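Read the structure below first, then the notes.
There are 2 protein chains.
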Amino acid sequence: MIFEIKILGTGSATPAHRRHPSAQVVNYNEQLYLLDCGEGTQIQFLKYHVKASRVNNIFISHLHGDHFFGIMGFLNSLNLNGRTETVNLYAPFPLSDFLTHMLSISNSRFQFHLNFIPTNPTKHYVLFENELFQIETIPLKHNIECCGFLFREKPRKRKIDTTKIDLSKIPFPDIKNLKNGLDIAVENGKIIFNKEVTLDPPLPRSYAYCTDTMYSEDIIPLIKGVDLLYHEATFLNDMLERAVETCHSTSSQAGQIAKKSGCEKLIIGHFSSRYKDIEPFLEETKIEFPNTFLAKEGDLITLPEKVSQSVYEQP
Amino acid sequence: MIFEIKILGTGSATPAHRRHPSAQVVNYNEQLYLLDCGEGTQIQFLKYHVKASRVNNIFISHLHGDHFFGIMGFLNSLNLNGRTETVNLYAPFPLSDFLTHMLSISNSRFQFHLNFIPTNPTKHYVLFENELFQIETIPLKHNIECCGFLFREKPRKRKIDTTKIDLSKIPFPDIKNLKNGLDIAVENGKIIFNKEVTLDPPLPRSYAYCTDTMYSEDIIPLIKGVDLLYHEATFLNDMLERAVETCHSTSSQAGQIAKKSGCEKLIIGHFSSRYKDIEPFLEETKIEFPNTFLAKEGDLITLPEKVSQSVYEQP
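Chains as they are written, first to last, in numbering that gives the first Met the number 0: chain A, 0 to 314; chain B, 0 to 314.
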């Protein structure tokens with residue numbers, strides 16, 4: 000099952016040094032989920048050959064311009080390119096009215112249904128769910144209501160090892176039982192032990208997107224043990240005061256959150272326009288959390304399938 | 000006196016083939032005038048090293064997204080970069096309310112005064128004026144109220160040829176008279192003839208920006224004899240029907256307007272995203288008007304000073 004993140008914007012409030020405002024695309028099982036939509040996001044889609052038409056769900060963390068000024072253009076182009084399928088837009092409520100206003104002044108209307116789902120960025124809850132995974136909100140601490148988004152795979156069923164068992168001889172309800180981890184009784188009274196004929200499924204993977212936020216340990220229980228954390232690092236450590244003032248984080252603070260939440264890997268982004276060279280962010284963050292990477296536009300980060308420790312002892 | 004145009008966007012409704020939405024900057028005497036502000040305009044400023052901080056006046060032709068979706072980001076970044084001087088924004092009235100709305104939902108306010116001057120795109124009038132030039136509206140025919148902008152230099156005064164006359168011996172009011180083309184009487188009753196001591200000033204230059212519009216001969220008297228005409232050419236000739244339907248122009252139509260208005264030079268732009276290669280636009284337009292050029296992003300088009308035919312006969 001594909002689970003990967005394409006980075007489209009790594010800048011902060013003002014674009015600079017070829018860094019664009021926030022936007023990234025999660026590809027989960029060939030469905031694209033757009034996280035934030037700063038100005039120029041549709042142009043970044045073109046640049047990095049991501050198909051905008053494949054986005055069905057858009058999530059806006061908060062209503063600062065660098066996270067939503069691209070939404071009008073993005074939706075407008077979907078419309079002009081002939082979209083008819085529904086687009087789900089998860090965002091703070093005032094954006095709905097803003098979009099209505101935009102359509103009204105430009106004397107246009109979408110040919111597709113824009114399904115606006117207002118978020119409550121102050122609460123932790125499941126915002127989206129399907130059979131395979133769910134997306135939870137992560138309330139963040141910023142100077143406007145803001146939440147992150149946590150993609151969490153659901154546990155998968157056990158895989159039947161067809162080299163060990165002939166499925167054509169097993170009734171359908173028992174196949175289901177095997178997948179659910181149960182042993183089954185067959186005709187002659189014999190028991191087929193689950194551990195002998197099934198394989199462990201991959202472990203559920205998770206990705207947390209946390210921007211914009213000041214350092215907040217409140218998020219740690221929510222993102223505990225995630226495989227990948229994207230955390231903002233707007234400033235280097237010597238700008239701690241400015242970070243607090245503007246409700247943003249420093250590189251070390253991002254690293255501390257990664258360390259304290261026990262995540263596997265950290266990607267930092269949302270770099271202030273004052274920094275041309277972002278390598279020092281990596282150096283500072285790695286002191287706290289060595290498995291850190293810089294978000295770079297066009298990067299594709301893959302979450303590989305995770306082989307689980309078997310729930311059964313090996314013979 | 001510098002008079003030049005920097006092209007920042009040559010695309011139409013949807014960005015494509017590295018063409019961005021409409022935006023261009025007129026540099027007149029080191030003052031920058033921004034014409035339209037499609038999504039990503041502030042990023043184009045950075046790419047082409049144009050200083051956004053030097054823009055004091057912004058003109059929006061009409062309220063279709065590809066002409067104004069960049070305005071929020073542009074103004075927002077001016078603000079975040081510490082702007083305190085007034086910005087004059089000339090645009091159809093509903094944009095004012097839209098900007099207020101945007102500031103409200105993002106919980107922000109500008110530190111500079113945004114002086115909003117509502118335009119009346121249906122009337123031809125002088126929208127802006129200073130000592131050196133004026134900007135007139137050009138009512139266009141589109142499916143929403145829309146106007147072009149005509150930059151027209153004012154006639155300059157005659158230049159005194161200091162190789163012919165010692166200015167220290169001429170009273171100030173007479174210097175003014177000479178500049179205004181008058182002969183002057185000096186102390187001994189002698190007449191100093193204007194033609195003997197002054198040089199012709201350069202002729203006034205003019206630039207007309209006409210997008211978006213269907214073919215309309217109504218604009219011809221307004222742009223008669225301009226030095227440079229930017230006219231949209233959204234479609235090639237074989238899409239005439241579609242051009243009429245969407246209130247846009249074809250390449251030949253742009254050429255015909257240039258020819259019929261007797262302009263010196265034509266630049267075409269606003270190419271539909273359906274065309275990857277825009278060279279055929281040039282070929283088609285040149286049949287009507289040979290002195291045609293394609294607008295290309297990053298291009299700088301200079302209007303050189305025009306030496307006039309002397310108002311006096313040569314000896």
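Just so it is clear, CB atoms sit at the ideal spot from N, CA and C, and this is done for glycine as well. Source: prediction; values computed, not measured.
One or two residues paired with residue i in a DSSP bridge
| i | result |
| --- | --- |
| B:V25 | B:I4, B:Y32 |
| B:A51 | For B:A51, which the question treats as bridged, DSSP gives no partner whatsoever. |
| A:R18 | A:A15 |
| B:F192 | Paired residues: none, contrary to the question. |
| A:S205 | A:R151 |
| A:F292 | A:I266 |
| B:I57 | B:L33, B:L88 |
| A:I183 | A:I191 |
| A:K323 | The structure shown does not extend to residue 323 of chain A, since chain A is modelled only from 0 to 314, so the question has no answer here. |
| B:T197 | B:I159 |
Per-residue burial, residue i [other beta carbons within 10 Å of its own, 16 or more giving buried]
| i | result |
| --- | --- |
| B:T99 | exposed |
| B:Q110 | exposed |
| A:E195 | exposed |
| A:M0 | exposed |
| A:K5 | buried |
| A:Q313 | For A:Q313, the predicted structure reports a pLDDT of 49, less than 50, and the residue's modelled location is therefore unreliable. The matter cannot be settled from this model. |
| B:L302 | buried |
| A:D65 | buried |
| A:N106 | exposed |
| A:V185 | exposed |
| A:T136 | buried |
| B:R108 | exposed |
| A:P170 | exposed |
| B:F192 | exposed |
| B:I286 | exposed |
| A:E84 | exposed |
| A:F280 | buried |
| A:R18 | buried |
| B:N78 | buried |
| A:I190 | exposed |
| B:S248 | buried |
| A:P14 | buried |
| B:S52 | exposed |
| B:E152 | buried |
| B:G10 | buried |
Start and end residues, alpha helix (DSSP H) containing residue i
| i | result |
| --- | --- |
| A:H90 | Position check: residue 90 of chain A holds Ala in this sequence, whereas His was assumed. Here A:A90 belongs to no alpha helix (DSSP H); instead the beta strand (DSSP E) covers 86-91. |
| B:S76 | 70-79 |
| B:I134 | Careful: B:I134 lies outside any alpha helix (DSSP H), inside the beta strand (DSSP E) at 132-138. |
| B:L62 | It is not in any alpha helix (DSSP H) - B:L62 carries neither H nor E in the DSSP assignment. |
| A:F280 | 278-287 |
| B:T83 | Here B:T83 belongs to no alpha helix (DSSP H), and DSSP marks it neither H nor E. |
| B:F109 | Segment: none, B:F109 is in no alpha helix (DSSP H) and carries neither H nor E. |
| B:T210 | B:T210 -> no alpha helix (DSSP H), and no H or E assigned at all. |
| B:T40 | 40-46 |
Residue range of the unbroken beta strand (DSSP E) whose run includes residue i
| i | result |
| --- | --- |
| B:V125 | 125-128 |
| A:F115 | 113-118 |
| A:T301 | 299-301 |
Count the C-beta pairs between the region 267-282 of chain B and the region 219-237 of chain B that are closer than 8 angstroms, then say yes if the count reaches three, no if not.
yes
Could you name each continuous alpha helix (DSSP H) segment of 4 residues or more that falls completely within the region 212-275 of chain B, going from the start of the chain to the end?
219-222, 239-244, 250-260
Unbroken stretches of the alpha helix (DSSP H), 4 residues or longer, contained in the region 134-181 of chain A
171-178
Three-pair Cβ contact test at 8 angstroms for the region 124-131 of chain B versus the region 199-211 of chain B:
no
Take every Cβ of the region 7-25 of chain B, pair it with every Cβ of the region 139-146 of chain B, and state whether three or more of those distances are shorter than 8 angstroms.
no
Touch test, the region 110-119 of chain B against the region 85-99 of chain B, Cβ-Cβ under 8 angstroms, three pairs minimum:
yes
Specify whether the region 27-45 of chain B and the region 67-82 of chain B touch according to this definition: at least 3 beta carbon pairs, one from each stretch, less than 8 angstroms apart.
yes
Do the region 160-170 of chain A and the region 219-228 of chain A make contact, defined as three or more Cβ pairs closer than 8 angstroms?
no
Inter-stretch contact at 8 angstroms, needing at least 3 Cβ pairs: the region 44-63 of chain A / the region 235-249 of chain A:
no
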